[in-house]
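Structure record follows, encoded as structure tokens.
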Amino acid sequence: MRKITPNPLLNNARSLNITQSAWIADVDWQDVGPRFLEPIPDGKYKGFTIAKWLPDLVYEYYRLSGRHEKTGRPFKDTLEKLALEEFMEWSQLD
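In case it helps, this note's numbering puts the sequence shown at residues 13 to 106.
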């Protein structure tokens, strides 16, 4: 049986994510719908909402995953690291 290690598995997941989302990078990922941003109605976290943190969370995710923080498009070096050179046309130019 072939042993699967975390790094190749994560790289494959990232590769799939990039290939599936590269052409929709201009989607506003902060437009998640009103219910998602509503305050929690009861319990320990009553009144809590992520609304004020969402823009920074999205930008941080893009930064950590090697994408442009505004467009979400992967940088060329990100595609090279993932051996996805065939998708360079979708990369962020600057």
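Heads up, the beta-carbon is just placed ideally off N, CA and C, and yes, glycines get one too.
Because the structure is a prediction, the values reported are computed rather than measured.
- Here the alpha carbons of ARG85 and SER77 stand approximately 10 angstroms from one another.
- Closest option to ARG79, judged by alpha-carbon separation, among ASP68, LEU66, SER103, ILE62: SER103.
- The C-beta distance from GLU50 to THR61 rounds to 7 angstroms, short enough to meet the 8 angstroms contact threshold.
- Shown here for PHE87: same chain residues with a beta carbon closer than 8 angstroms to its own, the five before and five after excluded, namely GLY78, ARG79, HIS80, SER103, GLN104 in chain order.
- Rounded to the nearest angstrom, the gap between the Cα atoms of THR90 and PHE99 is 11 angstroms.
- In the assembly as shown, TYR74 is a buried residue. Its beta-carbon has 16 or more other beta-carbons within 10 Å.
- Nearest to GLY45 by C-alpha distance, out of LYS58, ALA63, VAL70, is ALA63.
- Going by C-alpha positions, TYR57 is about 40 angstroms away from LYS93.
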